[in-house]
Amino acid sequence: MPLSTSHTESIQRSYLYKLLSLGFRYPTPETFQTFQNGEFLARLWSTISLLPHVKFLKAEHAEQGKKAQNSLGKNTFEDFVVKVIQTFDCGIPEPPCPPYEGFYRNRSRTAVMLDITEFYKHFGLAMSKRDGKCELPDHLCAELEFLHFLAFKEAHARINEDSKFLEGYLLAQKDFLSRHPVQWIPKFYDSLCNRADIPFYNSLTRVTVTFITHELELITSRVKPFSKEE
250 MPLSTSHTES
260 IQRSYLYKLL
270 SLGFRYPTPE
280 TFQTFQNGEF
290 LARLWSTISL
300 LPHVKFLKAE
310 HAEQGKKAQN
320 SLGKNTFEDF
330 VVKVIQTFDC
340 GIPEPPCPPY
350 EGFYRNRSRT
360 AVMLDITEFY
370 KHFGLAMSKR
380 DGKCELPDHL
390 CAELEFLHFL
400 AFKEAHARIN
410 EDSKFLEGYL
420 LAQKDFLSRH
430 PVQWIPKFYD
440 SLCNRADIPF
450 YNSLTRVTVT
460 FITHELELIT
470 SRVKPFSKEE
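Plus 249 on top of the position in the sequence shown (first one is 1) and you've got my numbering.
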């Protein structure tokens, strides 16, 4: 049986979250090549064009994305990695643009990470280890991966016509987006614009900000208000 439009949309939204997360991962020679040759952006725009609530992004940001891609042609992989480390990882007392939520909130980073971890735990998820080190829950990639997971589970609930689970996954997306990504990724974007010089990440972050903003609007419109018990 062919998938309905809503099933397909949920799958594509999940895939877009995954793509964005991959784009912000620490680069490898392979991923850098896809940034440089346009393969990554082609997949990004192709996915965006399938989503009615954000397909305007391609027209508005594709030119900027192309300029960002062209700027990579002047860099070797080693040059790119140095810029990434200088922007996201190293600095005194902190990096210029740390990709961690806790640096952009008005409460302690510990409190932010605990709140995020509770979201992950509720769905049976835990932070993975890379090179023997546990990733931090407030990293941009971790939050995007979580939204990828929730949208994917939403798609499964739609396919199985399970209204109870569907409502739960929609509500989880609404709560997480409103309490976390929407609260800090725009500030991260401002930081990149003011303190860094990596056009590729500026462009990718701008797309991410617009996407999550419209995602929250979309999901909010689909969450049914809870009725009070008599």
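Using N, Cα and C, we set each Cβ at its ideal position, and we do this for glycine too.
Would you kindly work out how many angstroms separate the C-alpha atoms of residue i and residue j, rounded to a whole number?
i: residue 405; j: residue 268; result: 19 Å
i: residue 273; j: residue 323; result: 20 Å
i: residue 299; j: residue 455; result: 19 Å
i: residue 419; j: residue 271; result: 23 Å
i: residue 357; j: residue 386; result: 14 Å
i: residue 312; j: residue 265; result: 19 Å
i: residue 392; j: residue 368; result: 10 Å
i: residue 415; j: residue 362; result: 26 Å
i: residue 445; j: residue 396; result: 27 Å
i: residue 470; j: residue 376; result: 30 Å
i: residue 277; j: residue 315; result: 21 Å
i: residue 417; j: residue 443; result: 39 Å
i: residue 439; j: residue 330; result: 21 Å
i: residue 250; j: residue 262; result: Note that residue 250 scores 41 on pLDDT, short of 50, meaning its location in the model is unreliable and no value can be drawn from it.
i: residue 402; j: residue 364; result: 21 Å
i: residue 334; j: residue 326; result: 12 Å
i: residue 246; j: residue 282; result: Residue 246 lies beyond the residue range present for the chain, which begins at 250 and ends at 479; the question has no answer from this structure.
i: residue 413; j: residue 374; result: 20 Å
With burial defined as no fewer than 16 other Cβ atoms inside 10 Å of the residue's Cβ, what is the status of residue i: buried or exposed?
i: residue 341; result: exposed
i: residue 301; result: exposed
i: residue 328; result: exposed
i: residue 372; result: exposed
i: residue 346; result: buried
i: residue 297; result: buried
i: residue 394; result: buried
i: residue 476; result: In this predicted model, residue 476 has a pLDDT of only 41, less than 50, meaning its place in the structure is not dependable enough to derive any value.
i: residue 360; result: exposed
Taking 8 Å as the limit between beta carbons, can you name the residues of its chain near residue i, skipping five residues before and five after?
i: residue 318; result: 284, 285, 287, 290, 449
i: residue 437; result: 346, 348, 353, 389, 454
i: residue 468; result: 419, 422, 423, 426
i: residue 463; result: 302, 303
Per DSSP, what are the beta-bridge partners of residue i in this structure?
i: residue 388; result: 349
Can you list, in chain order, the residues of its chain whose CB lies under 7 Å from that of residue i, leaving out five sequence neighbours each side?
i: residue 433; result: 350, 353, 354
i: residue 343; result: 352
i: residue 407; result: 255, 256, 259, 415
i: residue 441; result: 346, 450, 451, 454
Ignore the nearest five residues each way along the sequence and tell me which others in residue i's own chain have a CB closer than 6 Å to its CB.
i: residue 466; result: none
i: residue 332; result: 447
i: residue 472; result: 419, 420, 423
i: residue 435; result: 458
i: residue 366; result: 386
i: residue 310; result: 456
i: residue 399; result: 418, 421, 422
i: residue 320; result: 448
With three or more C-beta pairs closer than 8 Å as the rule, is the stretch 332-348 touching the stretch 419-427?
At 8 Å Cβ cutoff, the stretches do not touch.
The stretch 459-466 / the stretch 295-310 touching (three or more Cβ pairs under 8 Å)
The stretch 459-466 makes contact with the stretch 295-310, as at least three CB pairs between them are under 8 Å.
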